[in-house]
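The opening position of the sequence shown corresponds to residue 17 in my numbering, with each subsequent residue numbered one higher. Below is one structure, written out as C-alpha cells; the observations come after it.
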Amino acid sequence: MLEALKHLTATQTSQKDLAAQFSDLNPPLNHRQAVIESERCLYCYDAPCTRICPSEIDVPGFIQNIAVGNINGAAQGILQQNILGASCSRVCPTEVLCEHACVRNHDHEGAPVKIGLLQRYALDHMHFEHHPFTRAPATGKKIAVVGAGPAGLSCAHRLATLGHDVVIFEAHKKSGGLNEYGIAKYKLTGDSAQREVAFLLEVGGITIRHEQILGDNLHLEQLRQDYDAVFLGLGLGTSRQLGLTGEDALGLMPAVDYIYALRQAEDLSQLPIPIHCIVIGAGNTAIDMAVQIARLGAQQVTLVYRRGAAHMSATRHEQAIAKANQVRIITWAQPQQVLLDAAGNVAGMRFEKTHEVDGQLQATGETIDIPAQAIFKAIGQSFDKASLSDPIAHEVKRDKDKIWVDEYYRTSLSKVYAGGDCIASGLDLTVQAVQHGKLAALAINDDLKAKV
C-alpha cells in the first residue's frame with residue numbers, strides 16, 4: 017500500500033503521542049450541554065433543517081426527545097431515516113446543510129443549534145433492551161448487495177426489515193467502506209465504524225462475504241441468475257491521474273491509499289513521514305490528507321489547488337481545520353512537472369500559476385517550485401471499470417464515468433440497481449449514499465411485489 021514511500025523513514029514520535037493527535041475533532045456533549053443545546057431549538061413546524069437533510073431526518077423531533085429525556089425515542093427517529101446516523105453525525109458537513117439552514121443561524125444570533133453533536137449524543141447514549149428494528153415476515157426473496165459501504169449497508173438493512181434475505185459481497189477484509197477506510201482518523205475514531213456495522217447487522221437476515229471482488233471472483237451475470245435483485249454500491253475505487261511524466265516515481269501516490277494505511281495502522285509511529293510534502297486537491301479528502309500528515313509530524317504541508325479558495329469543494333469549516341493545523345494553502349496554481357532527485361525519487365513539483373478569464377481557467381506562464389519528499393494526489397476518484405468487465409456488465413449504461421440510474425435507482429440492466437458514489441448524483445456524501453441505499457431498497461421491494 018505504501019510502496020511509493022518506502023524510501024522515507026518513520027517519525028521519531030511515540031505511538032502514544034501520535035494517538036493523542038487523533039482524538040475526536042469535536043468533543044462530545046455531556047448530559048447538561050445536550051439538554052441546554054436541545055432547548056435552544058425552536059421546533060419549527062416547517063423545519064428548514066429537515067428539508068435540507070439528505071436522509072430526511074426529523075431534526076426538531078429528535079431534538080425535542082432529547083430535551084424531555086427520551087434518548088431512545090430520539091435515537092429511533094434518527095435511525096429510522098438513517099441507519100448510519102452515528103457516523104454521519106461525525107462526518108456530515110452540517111455547516112453547509114442542517115446547521116446552515118437553522119433559523120438561529122441568521123439575523124443577530126448567528127449561532128445554529130448544534131444538530132450534529134445532538135445527533136451524536138442521542139446515538140452514543142441510546143440503550144435498547146432489544147434491537148429497535150424488527151423484520152417483517154419472510155418474503156422468500158434473496159437480494160445481492162455488492163459493496164459493504166454506506167450505500168450497500170443502508171440498502172441491506174432496509175431490505176432486511178422488509179423481510180428479504182440479503183447477502184452482501186465486499187471486496188475488503190472489513191465492512192464499512194469509506195467509513196472504515198477513507199475518513200480522517202480524527203473524525204471517526206477507534207472502532208466506531210465496526211461497532212456501527214455490528215449494530216446494523218443485529219436486525220438479522222443479512223450475511224456478509226468478504227474479499228469478493230466484482231469482475232474478479234464475483235460476476236454480475238451469476239448474481240442476476242442466483243438472486244431476485246442486485247444492488248451495486250461500488251463506490252469510486254480508482255484515483256485519477258495527473259497526466260504528468262514522473263507520476264510513477266517513488267514519493268508520489270494517491271491520498272486515499274495513505275489514508276487507508278493510516279486508518280488500519282496498529283502503530284502510527286511506523287508510518288513513513290516526509291519532512292516536506294504536497295497535497296494536490298480541493299476537496300475533503302485533500303484536507304483530511306493534509307491535516308493528518310501534519311499531525312503525524314511532517315514539518316511543512318502545502319495544499320495546492322488550481323483555482324481559488326472560493327472554488328474549493330471543501331467547506332470553509334474544513335479549510336479552517338487545515339489552517340489551524342499549520343497547513344499552507346496555495347491557490348491559483350496547477351501541476352506542471354514532477355521534480356526528481358538524482359535517484360529518481362520525488363524532490364518536489366513545479367506549478368504554473370493560473371487565473372480566470374471569462375470564467376475559463378488559463379495559465380499565466382509563471383511557475384513556482386515547491387520542494388517535497390512526497391506528493392499526495394487528492395484530485396478525485398473515478399469508477400473502477402474492472403468491476404463491470406464481464407460481458408453482461410458491459411451492457412450497463414454509463415453517465416460519463418459513473419453508472420446511469422433512473423429515478424428509482426434502476427440501471428439499464430433488469431434486476432440491477434445502483435446507488436452511492438458510483439452513480440452520477442449529488443455531492444458524494446456519506447449521508448447521501450445512505451439515502452440512495454434506503455430509497456433503492458424501497459424501489460426493489462416495490463418491484464418485487466409488483467412481479468408477485
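Backbone N, C-alpha and C define an ideal beta-carbon position, used for all residues, glycine too. Note that this is a predicted model, so its numbers are computed, not measured.
(message) Among the candidates Asp304, Cys114, Ala434, Ser285, whose CA atom is the shortest distance from the CA of Lys32?
(response) Ser285
(request) Specify, as a first and last residue, the run of the alpha helix (DSSP H) that Met269 falls within. (result) Taken as a continuous stretch (DSSP letters only), Met269 belongs to no alpha helix (DSSP H), being part of the beta strand (DSSP E) at 268-270.
(request) Please state whether DSSP places Pro64 in a helix, a strand or coil. (result) helix
(request) With a 10 Å radius around its C-beta and 16 neighbouring C-beta atoms as the bar for buried, classify Gln241 as buried or exposed. (result) exposed
(message) What does DSSP give as the partner residue(s) for Ile79 in the beta ladder?
(response) In DSSP, Ile79 forms no bridge with anything.
(message) Can you find the residues in the same chain that come closer than 8 Å, C-beta to C-beta, to Cys104, ignoring five residues on each side of it along the sequence?
(response) Ser71, Asn98, Gln135, Thr446, Val447, Val450
(request) Report the residue from Ala127, Gly221, Ala36 whose alpha carbon sits nearest the alpha carbon of Gly179. (result) Gly221
(message) For the stretch 65-84 against the stretch 128-143, do three or more pairs of beta-carbon atoms, one drawn from each stretch, fall closer than 8 Å, so that the two count as touching?
(response) yes
(request) Tell me, to the nearest whole angstrom, how far the beta carbon of Thr383 is from that of Ile346; I am working on the premise that it is less than 8 Å. (result) The Cβ separation is near 13 Å, so there is no contact.
(request) Going by DSSP, name the residue or residues bridged to Ile159. (result) Val182, Ala245
(message) Tell me which residues share the same chain as Lys190 and place their Cβ nearer than 6 Å to its Cβ, disregarding the 5 neighbours each side in the sequence.
(response) Cβ-Cβ distances below 6 Å link Lys190 to Glu196 in the same chain, with the five nearest sequence neighbours on each side left out; the list follows chain order.
(request) Let me know the secondary structure DSSP gives Leu239 once reduced to three states. (result) Three-state DSSP puts Leu239 in a helix.
(request) Please confirm whether Asp62 and His235 have their CB atoms less than 8 Å apart. (result) no
(request) Leaving aside the five residues before and after Glu55 along the sequence, list all residues of the same chain whose C-beta is less than 7 Å from its C-beta, in chain order. (result) Ala83
(request) State the CB to CB distance for the pair Ala167 and Gly381, rounded to an integer number of angstroms; the pair is presumed to be in contact (CB under 8 Å). (result) Contact flag wrong, Cβ pair sits at about 44 Å.
(message) Can you check which of these residues, Arg211, Asp283, Val119, Ala298, is closest to Cys65 by C-alpha distance?
(response) Val119
(request) List the DSSP bridge partners of Ala440. (result) Answer is none; Ala440 lacks a bridge partner.
(request) Quickly, what does DSSP pair Pro288 with across the bridge? List them, please. (result) Ala26
(request) Please report how far the alpha carbon of Phe367 lies from the alpha carbon of Pro351, in whole angstroms. (result) 5 Å
(message) Threshold first: 3 residues or longer. Then list the beta strand (DSSP E) segments lying entirely within the stretch 94-165, N to C.
(response) 158-162
(request) Tell whether a beta-carbon distance below 8 Å holds between Val354 and Leu248. (result) Val354 is not a Cβ neighbour of Leu248, given a cutoff of 8 Å.
(request) May I ask which residues mark the beginning and end of the alpha helix (DSSP H) holding Ala456? (result) 446-467
(message) Output needed for Ala265: all residues of its chain with C-beta closer than 7 Å, excluding positions within five of it in sequence on either side, in chain order.
(response) Val354, Leu356, Gly360, Asn361, Val362
(request) Would you check if there are 3 or more beta carbon pairs closer than 8 Å linking the stretch 267-281 to the stretch 293-304? (result) yes
(request) In angstroms with no decimal places, state the Cα-to-Cα distance between Asp348 and Asp385. (result) Note that residue 348 is Trp in the sequence shown here, rather than Asp. In a straight line, the C-alpha of Trp348 is about 14 Å away from that of Asp385.
(request) Check each candidate in Val161, Thr177, Pro43 and name the one with the smallest Cα separation from Asp140. (result) Pro43
(request) For Lys413, I'd like the list of residues in its chain whose CB is within less than 8 Å of its CB, leaving aside the five on either flank, ordered along the chain. (result) Ile419, Trp420, Thr427, Ser428
(message) By the DSSP assignment, the alpha helix (DSSP H) with Gln49 in it spans what residues?
(response) DSSP places Gln49 inside the alpha helix (DSSP H), whose first and last residues are 47-54.
(message) Quick check: the Cα distance between His173 and Arg344, rounded to an integer number of angstroms?
(response) 42 Å
(message) Judging by CA-CA distance, which residue of Pro387, Asn81, Tyr433, Gly396 is the nearest neighbour of Ser254?
(response) Note that residue 254 is Thr in the sequence shown here, rather than Ser. When each option's Cα is compared against that of Thr254, the closest is Gly396.
(request) Name the one or two DSSP bridge partners that Thr318 has. (result) Ile294, Arg344
(message) Going by DSSP, what residue range makes up the beta strand (DSSP E) through Met17?
(response) No beta strand (DSSP E) holds Met17; DSSP gives it neither H nor E.
(message) Just verifying my parser: in three-state terms, what is the DSSP assignment at Phe392?
(response) strand
(message) For a quick check, are the C-beta atoms of Ile289 and Gly313 less than 8 Å apart?
(response) yes
(message) Can you tell me whether Pro43 is helix, strand or coil according to DSSP?
(response) coil
(message) Please tell me whether Cys438 and Gly251 are closer than 8 Å, where the distance is taken between their beta carbons.
(response) Taking 8 Å as the Cβ cut-off, Cys438 and Gly251 qualify as a contacting pair.
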